[in-house]
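All the letters of the sequence shown, read from the start, carry residue numbers 8 to 494 under our numbering.
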Amino acid sequence: MSNDISKLLLEQFKKIGVNQDLEGNLIEFLEETDRFTDVRNFLERSIEVFLAWEQNPQESMAVMSKWNPSMAQYQVLSMNMKPEQLAVMWKGKDWPKIWGNEWIEFQKNHPMVIPGTDEAQKPMNKRKSEKDFEEIKKNMEDSRNFVREIKFKDIIYDNYDQTEFDGWPIISPMYSRFLPAKIAVITLADMMRDRKSPLIDFEEFKINAYDIAEEVAAKLIKYETANKIKRSHKKSTGLPKPYDKEFDMTDDQSIKELRYKNKYFGKVTKRTETATHLDGLLSSLGLVKVFSDGFSKHAKITLTENGKNFYLLNNPVFGGKLDQSLSKEESMFLTTKCILQRPLQLKINKKITKLVSETEHGKSPDMTGDLDKICVESIEEFFKENPDEPNKIRIENDIIAKSERMNTENERIRKHLKDNKDTLDSKEKIKLRKRLKQTPIEAMRSAVMGRLTELGVVEWEINSNSRSEYKIANKELADSLMNIKIN
Numbered sequence: 008m009s010n011d012i013s014k015l016l017l018e019q020f021k022k023i024g025v026n027q028d029l030e031g032n033l034i035e036f037l038e039e040t041d042r043f044t045d046v047r048n049f050l051e052r053s054i055e056v057f058l059a060w061e062q063n064p065q066e067s068m069a070v071m072s073k074w075n076p077s078m079a080q081y082q083v084l085s086m087n088m089k090p091e092q093l094a095v096m097w098k099g100k101d102w103p104k105i106w107g108n109e110w111i112e113f114q115k116n117h118p119m120v121i122p123g124t125d126e127a128q129k130p131m132n133k134r135k136s137e138k139d140f141e142e143i144k145k146n147m148e149d150s151r152n153f154v155r156e157i158k159f160k161d162i163i164y165d166n167y168d169q170t171e172f173d174g175w176p177i178i179s180p181m182y183s184r185f186l187p188a189k190i191a192v193i194t195l196a197d198m199m200r201d202r203k204s205p206l207i208d209f210e211e212f213k214i215n216a217y218d219i220a221e222e223v224a225a226k227l228i229k230y231e232t233a234n235k236i237k238r239s240h241k242k243s244t245g246l247p248k249p250y251d252k253e254f255d256m257t258d259d260q261s262i263k264e265l266r267y268k269n270k271y272f273g274k275v276t277k278r279t280e281t282a283t284h285l286d287g288l289l290s291s292l293g294l295v296k297v298f299s300d301g302f303s304k305h306a307k308i309t310l311t312e313n314g315k316n317f318y319l320l321n322n323p324v325f326g327g328k329l330d331q332s333l334s335k336e337e338s339m340f341l342t343t344k345c346i347l348q349r350p351l352q353l354k355i356n357k358k359i360t361k362l363v364s365e366t367e368h369g370k371s372p373d374m375t376g377d378l379d380k381i382c383v384e385s386i387e388e389f390f391k392e393n394p395d396e397p398n399k400i401r402i403e404n405d406i407i408a409k410s411e412r413m414n415t416e417n418e419r420i421r422k423h424l425k426d427n428k429d430t431l432d433s434k435e436k437i438k439l440r441k442r443l444k445q446t447p448i449e450a451m452r453s454a455v456m457g458r459l460t461e462l463g464v465v466e467w468e469i470n471s472n473s474r475s476e477y478k479i480a481n482k483e484l485a486d487s488l489m490n491i492k493i494n
């Protein structure tokens with residue numbers, strides 16, 4: 008597909024507000040494939056297949072069989088269907104025979120990853136070991152000595168460019184806590200010591216970091232259960248849910264693990280035909296840098312100078328203290344060095360901390376409305392101060408406007424529930440309540456308050472009416488946050 012068509016397609020996507028990640032994937036796919044004559048052909052086929060799947064799933068395979076399969080598609084189907092079934096599906100065509108040597112080479116170069124073999128077994132082998140956390144603790148001093156000697160600002164990787172964070176000025180609500188970031192830099196440093204190299208395979212790092220995060224989660228959950236720790240005080244929030252290591256991982260668990268790794272530890276994403284970015288909590292905090300050719304599977308990861316300094320700070324969990332996820336020094340570092348790199352997030356944190364400090368504890372038993380307003384006001388103020396912010400339209404559309412639309416619908420549902428409380432039966436009420444959705448602003452506020460609680464800036468309590476109450480927990484840290492100047 009030509010560059011002119013790609014540009015036209017990009018313009019169309021922007022007009023209808025296609026998600027940016029999806030936009031990049033579509034452009035990349037349509038540029039590389041020769042399976043469609045033009046964009047219209049792609050859209051018509053996509054609609055036909057999806058419509059069949061939604062209206063009559065049993066007939067969807069028949070619809071898909073109207074077109075020749077790719078080798079990758081045929082390979083996946085062959086995992087669950089016999090050759091004779093596949094031949095019937097494509098009206099007698101024997102595709103492996105038609106493809107000949109190309110099919111043989113494809114299978115060699117693209118082996119299917121199935122449970123119990125090769126790549127699929129790597130995460131499982133790591134999960135079955137429960138001693139990696141203790142090994143990291145045992146080797147901590149050696150790892151620190153190794154990392155101290157490295158000048159990370161000078162680290163490069165031949166023939167690979169550094170893949171940068173996309174400059175999104177907010178820490179995504181998906182990242183509900185910072186402890187996973189500490190676990191990640193500790194894991195990365197330990198791998199550097201073990202490999203005697205500051206550059207580590209990105210995918211292998213994510214496998215190891217997830218394993219350690221899972222082990223830490225298991226220890227924290229056990230402690231919290233034994234000590235009946237309240238939800239608002241749990242330190243395991245934001246860590247992966249440990250699974251029974253005696254059983255093979257299910258498909259659903261594998262998907263959740265992959266999402267977690269990409270979300271917290273990072274993923275190289277091609278957003279447009281030329282731009283490649285590094286997503287994830289670690290990159291948004293400026294703790295790591297990744298060198299890649301545009302794909303995660305070929306990438307190398309290392310620490311930044313900020314990542315090194317954050318790593319060298321003592322952590323209570325790795326010191327055996329399970330009632331505190333971050334030390335005061337770590338909290339101060341994250342507040343004054345890392346969050347500072349996300350200017351809109353810093354503005355939101357400052358204004359929320361100021362509101363909590365000025366509100367008498369218990370006087371406002373449910374501050375959520377005021378906190379949501381602070382988030383909106385912070386965004387609007389930020390854009391007035393930064394009219395050329397490149398993410399302005401996306402934030403206005405995906406956060407502000409979307410929240411307004413969802414609030415309107417949520418209010419309509421609440422009013423219907425209130426006006427008909429005596430006539431609606433319990434099933435109808437449950438069904439309506441399920442239609443109430445968290446808005447992007449509410450998700451942002453929830454994540455901010457969770458992270459400020461973890462940092463020790465605020466203290467979070469859930470009162471007898473199941474409402475959240477907040478007060479300043481550490482005045483020194485709160486003052487430091489409120490006094491940071493935004494560049």
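The C-beta atom is built at its ideal place from N, Cα and C for all residues, glycine as well.
Check: Going by the beta-carbon positions, is the gap between Ile355 and Val464 smaller than 8 Å?
Finding: Position 348 of the sequence shown, counted from the start, is the residue given in the question as residue 355. Position 457 of the sequence shown, counted from the start, is the residue given in the question as residue 464. No.
Notebook entry, point to check: For the putative contact between Val4 and Tyr318, defined by C-beta atoms under 8 Å, what is the C-beta separation to the nearest angstrom?
Noted result: Since the first and last residues shown for the chain are 8 and 494, residue 4 lies out of range.
Notebook entry, point to check: Can at least three beta-carbon pairs, one atom from the segment 172-183 and one from the segment 326-334, be found at a separation below 8 Å?
Noted result: Below 8 Å, too few C-beta pairs join the segment 172-183 and the segment 326-334 to call them touching: fewer than three.
Margin query: Once the 5 residues before and after Glu468 are set aside, which same chain residues still bring their CB inside 7 Å of it?
Written below: On the sequence shown, residue 468 is found 461 positions in, with the first residue counted as 1. Annotation for Glu468: Ser239 and Glu476 place their beta carbon closer than 7 Å to its own, counting only its chain and skipping 5 residues before and after.
Note to self: Please return the same chain residues whose Cβ sits closer than 7 Å to the Cβ of Ile407, not counting the five positions on each side in sequence.
What the structure shows: The residue given as residue 407 occupies position 400 in the sequence shown. Excluding sequence neighbours, Ile407 sits near Val383 and Ile386.
Notebook entry, point to check: Based on the DSSP output, what are the partners of Val192 in its beta bridges?
Noted result: Here residue 192 refers to the residue found at position 185 when the sequence shown is read from its first residue. BP columns for Val192 are empty, so no partner.
Next item on the list: Please check the pair Ala209 and Lys307, which I expect to be a contact at CB under 8 Å, by giving their CB distance rounded to whole angstroms.
Entry: Residue 209 sits at position 202 when you count from the first residue of the sequence shown. Residue 307 sits at position 300 when you count from the first residue of the sequence shown. It is worth fixing the name first, because residue 209 is Phe in this sequence and not Ala. Correct: roughly 6 Å between the Cβ atoms.
Checklist line | Burial state of Met68 (16 or more Cβ within 10 Å) | finding: Reading the sequence shown from its first residue, position 61 is the one you call residue 68. Exposed, by the Cβ-count rule.
Checklist line | Cut-off 8 Å between Cβ atoms - residues of its own chain near Leu353, not counting five sequence neighbours on either side | finding: Taking the first residue of the sequence shown as position 1, residue 353 is located at position 346. Taken in chain order, the residues that qualify are Ile346, Leu347, Ile491 and Ile493.
Note to self: Please classify Ile448 as buried or exposed, where buried requires at least 16 neighbouring CB atoms within 10 angstroms.
What the structure shows: In the sequence shown, the residue the question calls residue 448 occupies position 441. Per the 10 Å Cβ criterion, buried.
Notebook entry, point to check: Between the C-alpha atoms of Tyr217 and Lys268, what's the straight-line distance to the nearest angstrom?
Noted result: Within the sequence shown, numbered from 1, the residue matching residue 217 stands at position 210. Within the sequence shown, numbered from 1, the residue matching residue 268 stands at position 261. If you draw a straight line from the Cα of Tyr217 to the Cα of Lys268, it comes to about 7 Å.
Margin query: Let's see if you can read the secondary structure: which residues bound the beta strand (DSSP E) around Glu476?
Written below: By 1-based counting over the sequence shown, the position of residue 476 is 469. Counting along the chain, the unbroken beta strand (DSSP E) around Glu476 starts and ends at Ser475 to Ile479.
Check: Along the chain, which unbroken stretches of the alpha helix (DSSP H) at least 4 residues long are found entirely within the segment 442-474?
Finding: Whole alpha helix (DSSP H) segments, 4+ residues: 447-462.
Item checked: Beta-bridge pairing of Asp286 - partner residues as DSSP gives them -> Reading the sequence shown from its first residue, position 279 is the one you call residue 286. Answer is Lys274, bridged to Asp286.
Check: Just the Cα atoms here: how many angstroms apart are Arg442 and Gly376?
Finding: In the sequence shown, the residue the question calls residue 442 occupies position 435. In the sequence shown, the residue the question calls residue 376 occupies position 369. For Arg442 and Gly376, the distance between alpha carbons rounds to 20 Å.
Margin query: Give the list of continuous beta strand (DSSP E) stretches no shorter than 3 residues that lie fully inside the segment 297-375.
Written below: At a cut-off of 3 residues, the continuous stretches assigned as beta strand (DSSP E) that sit fully inside the segment 297-375 are 307-310.
Next item on the list: Label Asp286 either buried or exposed according to how many other C-beta atoms from any shown protein chain fall within 10 Å of its C-beta, with 16 as the threshold for buried.
Entry: Indexing the sequence shown from 1 puts residue 286 at position 279. Around the beta-carbon of Asp286, 16 or more other beta-carbon atoms lie within 10 Å, marking it buried.
Item checked: Coil, strand or helix - Glu396 by DSSP -> Counting from 1 along the sequence shown, the entry for residue 396 is found at position 389. Reduced to three states, the DSSP call for Glu396 is coil.
Note to self: Checking the sheet assignment: what are the DSSP bridge partners for Val295?
What the structure shows: As a position in the sequence shown, residue 295 is number 288, starting the count at 1. Answer by DSSP bridge pairing, in chain order: Leu310.
Note to self: Taking 8 Å as the limit between beta carbons, can you name the residues of its chain near Ile162, skipping five residues before and five after?
What the structure shows: Numbered from its first residue, the sequence shown carries residue 162 at position 155. Cβ within range, chain order: Pro205, Leu206, Lys296 and Thr309.
Check: Considering only the beta carbon of each residue, do Leu186 and Thr342 sit closer than 8 Å?
Finding: Working through the sequence shown from its first residue, we reach residue 186 at position 179. Working through the sequence shown from its first residue, we reach residue 342 at position 335. The answer is no: Cβ separation not under 8 Å.
Notebook entry, point to check: Where does Glu156 fall in DSSP's three states?
Noted result: In the sequence shown, residue 156 corresponds to position 149, counting from 1. Here Glu156 sits in coil by DSSP.
Notebook entry, point to check: In whole angstroms, what is the alpha-carbon distance linking Asp300 and Glu211?
Noted result: The residue given as residue 300 occupies position 293 in the sequence shown. The residue given as residue 211 occupies position 204 in the sequence shown. Approximately 17 Å, taken between the alpha carbons.
Notebook entry, point to check: Under 8 Å between the Cβ atoms of Ala220 and Ser243?
Noted result: Residue mapping note: residue 220 aligns to position 213 of the sequence shown, counting from 1. Residue mapping note: residue 243 aligns to position 236 of the sequence shown, counting from 1. Not in contact: Ala220 and Ser243 (Cβ atoms no closer than 8 Å).
Note to self: Please list the terminal residues of the continuous alpha helix (DSSP H) segment that includes Lys430.
What the structure shows: Reading the sequence shown from its first residue, position 423 is the one you call residue 430. With the sequence shown as reference, residue 430 is identified as Thr, and Lys is not the correct amino acid for it. No alpha helix (DSSP H) contains Thr430, which DSSP labels as neither H nor E.
Notebook entry, point to check: Considering only residues of the same chain and omitting the five flanking positions on each side of Leu484, which have a CB-CB separation below 8 Å?
Noted result: Taking the first residue of the sequence shown as 1, we reach residue 484 at position 477. Correct list, in chain order: Lys335, Ser338, Met339, Thr342, Leu462, Gly463 and Val464.
Check: Considering only residues of the same chain and omitting the five flanking positions on each side of Ala191, which have a CB-CB separation below 6 Å?
Finding: Here residue 191 refers to the residue found at position 184 when the sequence shown is read from its first residue. So the qualifying residues of the chain are Ala216, Phe272 and Leu289.
Notebook entry, point to check: Can the beta-carbon of Arg184 be found less than 8 Å from the beta-carbon of Gly457?
Noted result: Along the sequence shown, read from residue 1 onward, the residue named residue 184 stands at position 177. Along the sequence shown, read from residue 1 onward, the residue named residue 457 stands at position 450. The answer is yes: Cβ separation under 8 Å.
Margin query: Whole angstroms are fine: how far does the CA of Phe43 sit from the CA of Phe36?
Written below: Residue 36 sits at position 29 when you count from the first residue of the sequence shown. Residue 43 sits at position 36 when you count from the first residue of the sequence shown. Distance between the alpha carbons of Phe36 and Phe43 is about 11 Å.
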